[in-house]
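The letter at position 188 of the sequence shown is residue 187 when you use numbering that gives the first Met the number 0, and the numbering goes up by one with no holes.
What follows is one structure encoded as structure tokens, with my remarks underneath.
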Amino acid sequence: MNDIASPTKDRMLLVDTDVHHSYHDKSDLYPYLTKYNAQRFAEYGLGVDSSYANNGGVLGRRADVLEASKSVHTGAATRDVAGAREQLLDAYNIDIAILTGGIGPAASAIMDADYANALCRAFNDYSMEHWIAKDSRFRYAIHINAQDPQGAVEEIERLGSHPAVCSVMLGCGSPRPFGHRQYHPIYEACVRHNLAVSLHFSNEGKGINPPPSAAGFPSYYIEGRQLRSSYYLVHVSSFIFEGVFEKFPTLRIGMLEAGFAWLAPAMWKMDLDWKGLRRQTPWVKKLPSQYIKEHIRFATQPMEEPDHPDALKHLIEWIDGDKLLMFATDYPHWDWDDPTQTFAGYPEEMRRRIFSSNAIETYNLTLPPVAKVA
């Protein structure tokens, strides 16, 4: 655990746990791929579409929209390092920004594991050279093909010791919940390198992944948004009841772009059900809510906004949110959160924990003495 003080007494340290980055064009990844895979990527791409960008999930890139918005918050990911620096890091005094964008979740939905592994490796190398090397405030959640644990471990071993790497990225879309034992080698490698796991909704119902709901596929993007908490709940339950935290007692998990209003009733129900059904999972030694409080943190964006402000305060109290929540802008998505407006008027110590301390502890972050720009 790091003890990082605020850079100044009157300015709050600010860690952004969810910044979506990408490449400009597919050709940017060609130098990091074999000739065959570069040609395959040029002709066929990933072979699966991102569920976020599908059916209304991004604001759009029409000239009139761009002119009206006067910002780069117009897509599923930012391709511009300079724009991210100017409009996010510098504009809001972000001290650390964790880069979470990329192709790992989509690659994990590809049937061809070798191709998926190659794409993850290429995107990681591109990100290290064209993003991480450009600004010392960036940290990185490396992308892996979760459906090939052996290949995923090899990628973690290759990059896990890099000082900017703080996490391993998983997409919620998956043939099996992530507590299942087939994924345990990934967590073992994460623990070995003191890396957290970052979980983000993505590519549910795409490629080899099952439909995004028990009733199949929603028609509209707004319907898909209502399903998101269910993605995270199934993985949280799986981590707990499959015994992941008993097997890996130092493993830390960040749930990104999940919201948190669903968490209180989920913890209440898991605790109650465990008391009646604990014979099925005797390896679960603690209340499920206790495992959550010890191992899992939740990004604030998209933060639920009830009509009465006190309702949100009650939700935060019920989940010990001052300890469980981490700030995220979700830059550059259309519904990104402005750090100057988030939790305005809340107690100072609570804001400091949510804006920095909780993320620092979860991701084992160290603050650059002075932000260096390449």
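Virtual Cβ for every residue (Gly too), placed ideally from N, Cα, C.
When you compare each of the options to residue i by their alpha carbons, which one comes out closest?
{"i": "THR328", "options": "VAL18, MET11, ILE155, LEU12", "result": "VAL18"}
{"i": "PHE259", "options": "TYR230, LEU286, ASP272", "result": "TYR230"}
{"i": "ASP111", "options": "GLU85, ASP89, ASN144", "result": "ASN144"}
{"i": "GLU153", "options": "ARG224, ILE131, ARG120", "result": "ARG120"}
{"i": "ALA132", "options": "ASN116, ALA106, PRO162", "result": "PRO162"}
{"i": "TYR91", "options": "GLN340, TYR345, ASN357, ARG350", "result": "GLN340"}
{"i": "HIS192", "options": "PRO331, THR249, ARG350, PRO104", "result": "THR249"}
{"i": "ASN123", "options": "ASP113, ALA108, ALA140, ARG136", "result": "ALA140"}
{"i": "ALA47", "options": "TYR31, SER107, THR77, ARG78", "result": "Before going further, note that residue 47 is Val rather than Ala in the sequence given. Measuring from the Cα of VAL47, the nearest candidate turns out to be SER107."}
{"i": "PHE326", "options": "PHE238, SER126, ALA358", "result": "ALA358"}
{"i": "SER225", "options": "PRO301, ALA343, GLU128", "result": "For the sequence presented, residue 225 should be read as Gln rather than Ser. The option with the nearest alpha carbon to GLN225 is PRO301."}
{"i": "GLY242", "options": "TYR290, PRO305, LEU45", "result": "TYR290"}
{"i": "TYR220", "options": "TYR35, ILE155, VAL80, ASN202", "result": "ASN202"}
Can you tell me whether DSSP reads residue i as helix, strand or coil?
{"i": "HIS234", "result": "helix"}
{"i": "SER17", "result": "Looking at the sequence shown, residue 17 is not Ser but Asp. Strand, per DSSP."}
{"i": "GLY215", "result": "strand"}
{"i": "LEU271", "result": "helix"}
{"i": "ARG278", "result": "helix"}
{"i": "ASP309", "result": "helix"}
{"i": "VAL164", "result": "strand"}
{"i": "ARG10", "result": "strand"}
{"i": "HIS129", "result": "helix"}
{"i": "GLU241", "result": "coil"}
{"i": "LYS25", "result": "helix"}
{"i": "SER50", "result": "For SER50, the predicted structure reports a pLDDT of 49, less than 50, and the residue's modelled location is therefore unreliable. A value from the coordinates is still provided. Of the three classes helix, strand and coil, the one that applies to SER50 here is coil, per DSSP."}
{"i": "ILE102", "result": "coil"}
{"i": "HIS332", "result": "coil"}
{"i": "LYS292", "result": "helix"}
{"i": "PHE247", "result": "coil"}
{"i": "PRO210", "result": "coil"}
{"i": "THR339", "result": "coil"}
{"i": "ASN36", "result": "helix"}
{"i": "GLY178", "result": "coil"}
What does DSSP give as the partner residue(s) for residue i in the beta ladder?
{"i": "ILE97", "result": "ARG138"}
{"i": "ALA298", "result": "MET325"}
{"i": "ILE353", "result": "Note: ILE353 sits in no beta bridge, so no partner."}
{"i": "LEU198", "result": "LEU169, MET254"}
{"i": "THR77", "result": "HIS20"}
State buried or exposed for residue i, treating a residue as buried only when at least 16 other CB atoms are found within 10 Å of its CB.
{"i": "SER218", "result": "exposed"}
{"i": "TRP261", "result": "buried"}
{"i": "LYS205", "result": "buried"}
{"i": "LEU232", "result": "buried"}
{"i": "TRP355", "result": "Contrary to the premise, residue 355 reads as Ser rather than Trp in this sequence. Counting Cβ neighbours within 10 Å, SER355 comes out buried, since at least 16 surround it."}
{"i": "TRP335", "result": "buried"}
{"i": "SER160", "result": "exposed"}
{"i": "ASP15", "result": "buried"}
{"i": "THR361", "result": "buried"}
{"i": "PHE393", "result": "Since the displayed the chain opens at 0 and closes at 373, residue 393 lies outside it and no answer follows."}
{"i": "GLY170", "result": "buried"}
So residue i and residue j are supposed to be a Cβ contact under 8 Å. How far apart are they, rounded?
{"i": "LYS322", "j": "LYS285", "result": "16 Å between Cβ atoms; not a contact."}
{"i": "ILE95", "j": "LEU364", "result": "6 Å"}
{"i": "SER166", "j": "LEU194", "result": "6 Å"}
{"i": "HIS423", "j": "GLY100", "result": "The displayed coordinates of the chain run from 0 to 373. Any statement about residue 423 would go beyond what the structure contains."}
{"i": "ARG157", "j": "PHE200", "result": "Not confirmed; about 26 Å, so no contact."}
{"i": "PRO148", "j": "TYR182", "result": "6 Å"}
{"i": "PRO287", "j": "MET269", "result": "4 Å"}
{"i": "LEU12", "j": "TYR330", "result": "Rounded, the Cβ-Cβ distance is 18 Å, inconsistent with contact."}
{"i": "HIS129", "j": "VAL80", "result": "7 Å"}
{"i": "MET266", "j": "ILE318", "result": "7 Å"}
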